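Taken in order, these protein sequences are the chains called L and G.
Going by this note's numbering, the first residue of the first sequence is number 25, and it counts up by one from there.
Going by this note's numbering, the first residue of the second sequence is number 25, and it counts up by one from there.
First comes the structure, then the notes that go with it.
2 protein chains.
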Amino acid sequence: MLIVKKFGGTSVADKQRIYNVAKRCAQEYKKGNDVVVVLSAMGKTTDDLVDLARDVNPRPPKREMDMLYTVGEQISVALMAMALDNMGIPAVSLNAFQVAMHTTSAHGNARLKRIDTERIITELERRRIVLVTGFQGINQFNDYTTLGRGGSDTTAVALAAALHADACEIYTDVDGVYTADPRKVPTARKLKEITYDEMLDLATSGAGVLHNRSVEMAKKYGVTLVVRSSLNDSEGTVVKEEVSVERMLITGVALDKNAVRVTVQGVKDEPGIAFKVFNCLAQKNVNVDIILQSVSHGDTQDISFTVDHDNLDEAVEVLRENQKRLTFHSIQADTEIAKLSVVGAGMVSNPGVAAKLFEALYNENINVEMISTSEIRITVIVAAKDGERAMNAVHEAFYRPNE
Amino acid sequence: MLIVKKFGGTSVADKQRIYNVAKRCAQEYKKGNDVVVVLSAMGKTTDDLVDLARDVNPRPPKREMDMLYTVGEQISVALMAMALDNMGIPAVSLNAFQVAMHTTSAHGNARLKRIDTERIITELERRRIVLVTGFQGINQFNDYTTLGRGGSDTTAVALAAALHADACEIYTDVDGVYTADPRKVPTARKLKEITYDEMLDLATSGAGVLHNRSVEMAKKYGVTLVVRSSLNDSEGTVVKEEVSVERMLITGVALDKNAVRVTVQGVKDEPGIAFKVFNCLAQKNVNVDIILQSVSHGDTQDISFTVDHDNLDEAVEVLRENQKRLTFHSIQADTEIAKLSVVGAGMVSNPGVAAKLFEALYNENINVEMISTSEIRITVIVAAKDGERAMNAVHEAFYRPNE
Chain L
25 MLIVKKFGGT
35 SVADKQRIYN
45 VAKRCAQEYK
55 KGNDVVVVLS
65 AMGKTTDDLV
75 DLARDVNPRP
85 PKREMDMLYT
95 VGEQISVALM
105 AMALDNMGIP
115 AVSLNAFQVA
125 MHTTSAHGNA
135 RLKRIDTERI
145 ITELERRRIV
155 LVTGFQGINQ
165 FNDYTTLGRG
175 GSDTTAVALA
185 AALHADACEI
195 YTDVDGVYTA
205 DPRKVPTARK
215 LKEITYDEML
225 DLATSGAGVL
235 HNRSVEMAKK
245 YGVTLVVRSS
255 LNDSEGTVVK
265 EEVSVERMLI
275 TGVALDKNAV
285 RVTVQGVKDE
295 PGIAFKVFNC
305 LAQKNVNVDI
315 ILQSVSHGDT
325 QDISFTVDHD
335 NLDEAVEVLR
345 ENQKRLTFHS
355 IQADTEIAKL
365 SVVGAGMVSN
375 PGVAAKLFEA
385 LYNENINVEM
395 ISTSEIRITV
405 IVAAKDGERA
415 MNAVHEAFYR
425 PNE
Chain G
25 MLIVKKFGGT
35 SVADKQRIYN
45 VAKRCAQEYK
55 KGNDVVVVLS
65 AMGKTTDDLV
75 DLARDVNPRP
85 PKREMDMLYT
95 VGEQISVALM
105 AMALDNMGIP
115 AVSLNAFQVA
125 MHTTSAHGNA
135 RLKRIDTERI
145 ITELERRRIV
155 LVTGFQGINQ
165 FNDYTTLGRG
175 GSDTTAVALA
185 AALHADACEI
195 YTDVDGVYTA
205 DPRKVPTARK
215 LKEITYDEML
225 DLATSGAGVL
235 HNRSVEMAKK
245 YGVTLVVRSS
255 LNDSEGTVVK
265 EEVSVERMLI
275 TGVALDKNAV
285 RVTVQGVKDE
295 PGIAFKVFNC
305 LAQKNVNVDI
315 ILQSVSHGDT
325 QDISFTVDHD
335 NLDEAVEVLR
345 ENQKRLTFHS
355 IQADTEIAKL
365 SVVGAGMVSN
375 PGVAAKLFEA
385 LYNENINVEM
395 ISTSEIRITV
405 IVAAKDGERA
415 MNAVHEAFYR
425 PNE
């Protein structure tokens, strides 16, 4: 069997945790399996690097930021190789150049295009554990790129696909996927299985266990994912195409407090103007989530959308640069919002879900500001202060005990 | 003009120093020159990485040590690019993979074989300052290597040779090459010029300004070196094939306290045994300096040699592993020694130098324990406690004021 394991930054934050991970990998190796391990940067390394950069240049060039970021994972894999060596287990660390992890050229937000597997396979054949830097790649100019948030998960899934691995295990600080955040919703339950599509909608809705890009890739290449705890041996949640358990109406409730609502005010009410606004944002790789175009008042209208907090500065900047062409008067940003989503393949055939959701919010006297839906997801924007109360109310409504 | 500049770790130790270096580079760039800058790891970064590694594995594999070390210079070049960007100067950082800095495969002590200049030339043509990671390379397996002590100097010289640069400036915390260490010998003078050969003998004798490998390479490819201060604009010392100034009898006096004397005791007095001892050490890339083979007593003899303190553990280990074959009884290591050298092209034609040296030491009642000479160098081993007194006495003898 060939197993790809991915451990995040908190799992390798210090010597003791590095050895915990090394022991898990050694166990797998001693079963006779081939083991490929993807690691993120240790604990706060990435934050420290950001501080270092910002101190020198408040707006560092993205290409150089990637040059700086990529040292983080390189430190992790080198130290892990040393830990395994100390335990008598042969291991070798490889960075994005050594693997040849080809990506698109967008610094800070690149996408994997192609992975050369030759070096990894050679090392596995020599019976070494192969430690690969997550999150990073190289583009066609031979420059370092990074994959954006959750990038190490994507690295792991891509490697599992390229190597035709038997399993791809994502180790995190939670022991699986829950129906809601168990730190905030006491009645939340762990799911045994979940489909790619449900996981995707949960991921884009702010349930931070897996990044959506990694789930998309797993779905595309049929890589079975296992989300497990790096702290204990509990079974975790399997993410795959079809689940065998009897369906609940919804699979999970997610809350995302990282969203910001941007309102572009006083845009001329003329054809194609919304397209121009979103085209500007797309060219800067700003992902727009929920969109609300107001009805026009007079000859102007407002356009609202949500973006990740990380993209706010860039979104505002690119809009301002194009203010004339986009014809707006002003831009407002509201950070005091929360995105609440319910996700479940069951809702396709069950029109009562939306009604149940709005009833639960109504009963709690929580105002809904924007709404967005997909086939298996309903997302609403509420005031940030209402977020957790809303999540508990909705989770309660769908998972009421004894129902 | 194409200028290669190299700055060491102390020159980029913090934000202010990074900007000092950036300003110097910007000045050169604004003259219209092409500028390639080689940087070492910031301040104590390398020490911190060693601590990190040793904490995980007291004897980390060298291949993984190099994987870890190389992040140091990558941080430096990325931050320097950010500083230059902040000043409005276009710059790009490149690591050993991006340049394609090919070396031999010996981890921790690799030698440069070939540098691809294509990427650097392309970037210079785009009028960017090119920032290159010193000290590091890649071997034929596509693994990181490091060049050993003083490696960044070698990187700079090799780049200057490959790019046919007009000058290679080595910036350090001293403002040139002195006749002796000015911190220890108050009468020491700065040299305006020095030959490669003299510089080489000074370097191997512990005068830390330039590493011998970089001087060897400069000599081989005829690269004119300038040793300058990163702190002020004083002229520095030019290192080249022939010097124009009138020759003094000797060029400099150097003291090296980093040497250890190893004595292999009770070796069988049979042909080839010394060869076997030094062959063992050579295979582990341990550089042996002065060798003293004692006359035999009975059927055994002692063999003494000096090595760098860094190589001591390895030297002792490889000898112990081969103890049977090498027939010795025991090994002794004496760290309480100092190597004192006088260097000067003038001594070739002047047989009185040795006599003057020994007279100066005799007058100070300092015992000489081992002796080694080259055409332009005399080195003696004295007790460590006598080192600085010996250096001052010898410097005084050769540079007596009003003589």
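All C-beta atoms, glycine included, are put in the ideal place defined by N, C-alpha and C.
If you're wondering where the values come from, they're calculated on a predicted model, not measured in any experiment.
Amino acids of chain L, ordered along the chain, whose beta-carbon sits closer than 7 angstroms to that of residue i
i	result
methionine 106 of chain G	Ala77, Val80, Asn81, Pro84, Pro85, Glu88
Neighbourhood of residue i by C-beta distance below 7 angstroms, restricted to the same chain and skipping five residues each side
i	result
isoleucine 314 of chain G	Phe329, Thr330, Met394, Ser396, Thr403, Ile405
alanine 107 of chain G	Ile42, Tyr43, Ala46
glutamate 240 of chain G	Leu224
Extent of the continuous beta strand (DSSP E) to which residue i belongs
i	result
isoleucine 162 of chain L	160–162
phenylalanine 31 of chain L	26–31
valine 263 of chain L	261–264
leucine 155 of chain L	153–157
glutamate 193 of chain L	191–196
phenylalanine 352 of chain G	Where phenylalanine 352 of chain G is concerned, there is no enclosing beta strand (DSSP E), given that its DSSP letter is neither H nor E.
aspartate 337 of chain L	Looking at the DSSP string, aspartate 337 of chain L is not in any beta strand (DSSP E); the run it does join, the alpha helix (DSSP H), is 336–345.
tyrosine 168 of chain G	168–170
aspartate 257 of chain L	Looking at the DSSP string, aspartate 257 of chain L is not in any beta strand (DSSP E), and its letter there is neither H nor E.
leucine 187 of chain L	From DSSP, leucine 187 of chain L is part of no beta strand (DSSP E); its letter is neither H nor E.
alanine 115 of chain G	115–118
isoleucine 395 of chain G	394–398
Within chain L, partners of residue i - CB distance below 9 angstroms
i	result
lysine 363 of chain G	Result: empty, since nearest Cβ-Cβ is about 34 angstroms, beyond 9 angstroms.
DSSP-derived helix/strand/coil call for residue i
i	result
asparagine 426 of chain G	Residue confidence is low: asparagine 426 of chain G scores 44 on pLDDT, short of 50, so the model does not pin down where it sits. Its coordinate-derived value is still stated next. Correct three-state label for asparagine 426 of chain G: coil.
serine 176 of chain L	helix
glycine 96 of chain G	helix
isoleucine 144 of chain G	helix
isoleucine 297 of chain G	helix
alanine 306 of chain L	helix
alanine 414 of chain G	helix
aspartate 109 of chain G	helix
valine 45 of chain G	helix
lysine 380 of chain G	helix
methionine 104 of chain L	helix
aspartate 38 of chain G	coil
leucine 316 of chain L	strand
histidine 419 of chain G	helix
glutamate 332 of chain G	The residue you asked about is not glutamate; residue 332 of chain G is aspartate in the sequence shown. Residue state, collapsed to three classes: strand.
valine 288 of chain L	strand
aspartate 199 of chain G	coil
Chain-order list of residues whose beta-carbon lies under 6 angstroms from that of residue i (same chain, five-residue window excluded)
i	result
threonine 2 of chain G	Within the shown structure, residues of chain G are numbered from 25 to 427, placing residue 2 of chain G beyond reach of any answer.
valine 61 of chain L	Lys29, Cys49, Leu155
cysteine 304 of chain L	Val342, Asn346
glycine 175 of chain L	Phe159
Which residues DSSP lists as bridging residue i, in chain order
i	result
lysine 363 of chain G	G/Asp280, G/Ile405
histidine 126 of chain L	L/Arg138, L/Ile162
tyrosine 245 of chain G	Looking at the DSSP assignment, tyrosine 245 of chain G forms no beta bridge with any residue, so it has no partner.
glutamate 217 of chain G	G/Val262
leucine 63 of chain L	L/Phe31, L/Thr157
valine 250 of chain L	L/Glu193, L/Val262
histidine 321 of chain G	G/Thr324
For residue i, the first and last residue of its enclosing alpha helix (DSSP H)
i	result
aspartate 79 of chain L	69–80
aspartate 221 of chain G	220–228
8 angstroms Cβ cut-off: residues of chain G touching residue i
i	result
serine 117 of chain L	Glu88, Met91
aspartate 410 of chain L	Neighbours of aspartate 410 of chain L on chain G: none; closest Cβ ~41 angstroms, over 8 angstroms.
aspartate 109 of chain L	Asn81, Pro84, Pro85, Glu88
asparagine 166 of chain L	Phe121, Gln122, Arg143
isoleucine 27 of chain L	Result: empty, since nearest Cβ-Cβ is about 22 angstroms, beyond 8 angstroms.
arginine 42 of chain L	Arginine is not the amino acid found at residue 42 of chain L; the sequence shown has isoleucine there. Under the 8 angstroms cutoff, chain G gives Val80.
Same chain, Cβ closer than 8 angstroms to residue i, five either side skipped, listed in chain order
i	result
isoleucine 355 of chain G	Val286, Thr287, Val288, Gln289, Val340, Leu343, Arg344
phenylalanine 31 of chain G	Val45, Val61, Val62, Leu63, Ser64, Tyr195, Ser254
isoleucine 139 of chain L	Val123, Ala124, Met125, His126, Ala182, Leu183, Ala186
leucine 350 of chain G	Val288, Val291, Ile297, Lys300, Val301, Cys304, Leu343
Contacts of residue i in chain G (Cβ-Cβ under 9 angstroms)
i	result
valine 95 of chain L	Thr94, Val95, Gly96, Gln98, Ile99, Ala102
Within chain L, the residues that residue i reaches when beta carbons sit closer than 8 angstroms
i	result
lysine 39 of chain G	Asp79, Val80
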